[in-house]
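Reviewing the structure listed below.
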Amino acid sequence: MDNLFSHPDPGMQPTPGPLEILDPVINSVVVPATVAHAFLGFTDHTHLWWPLEKHAVFGPGSHVEFEENLILETAEDGRTAVWGTIDDWQPPLSFHASWYPGSTALWSTELRVAFRAVDGGTEVRVVHDGWEGAEKPSAIRAEYDAGWPLVLASYVRFMGGSPEAAEGQA
0 MDNLFSHPDP GMQPTPGPLE ILDPVINSVV VPATVAHAFL GFTDHTHLWW PLEKHAVFGP
60 GSHVEFEENL ILETAEDGRT AVWGTIDDWQ PPLSFHASWY PGSTALWSTE LRVAFRAVDG
120 GTEVRVVHDG WEGAEKPSAI RAEYDAGWPL VLASYVRFMG GSPEAAEGQA
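Note that numbering that gives the first Met the number 0 gives residue 72 to position 73 of the sequence shown, counting from 1, and the numbers run on in steps of one.
As structure tokens, then:
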């Protein structure tokens, strides 16, 4: 190229590699509660059930909460980490967030959590997708594929459900 406004030599064009398409991670559990109660348990009481010893930026002793349009973790010393930005809030039926705990919005994935009445309570369905937005898509997807069942089992126990049932559904 002669200057910034010149077109590159066709022989110098990079050849794009194949785009890796990764399936969403989908998990669902049933909790013995109404839809409204299940939604509140998930969003208003996250600090009581989220397994911070395994899935946190700051670890045990921190506090997780939904605050306005953010999902935040606050450490005991006051430091905060944004886990996600909520961009669609439909209580008590669903919410959608750009999800990036321990990272930055630049490397976000997509998280949708939906609540639906079923026999025996409420089905809570987590669909985690948008892996192309992650810094290391395959590795991050594998972490969440293993992590969401454990997180949801903790939620089911908090909501009064059977831990065995949670493990079988997640």
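Here a beta-carbon is modelled for each residue, glycine too, at the ideal position from N, C-alpha and C.
Distance from the CA atom of N68 to the CA atom of K135, rounded to whole angstroms, is 26 Å. When rounded, the separation of the alpha-carbon atoms in A32 and P50 is 21 Å. Between L151 and H127, the CB-CB gap reaches or exceeds 8 Å. In this structure, the alpha-carbon of S102 lies about 21 Å from that of E19. Per DSSP, H36 is one residue of the alpha helix (DSSP H) stretching across V34 to T42.
A direct Cα-to-Cα measurement between L71 and H95 gives close to 15 Å. When C-alpha distances from G132 are compared across D118, R115 and T108, the shortest belongs to T108. In the three-state reduction of the DSSP assignment, V155 falls in the helix class. One thing to note: P100 has its Cβ within 8 Å of the Cβ of A80.
Taking C-beta separations shorter than 6 Å and ignoring five residues to either side along the sequence, the partners of V63 in its chain run T45, H46, W49 and E72, following chain order. The beta-bridge partner set that DSSP reports for G120 consists of V117.
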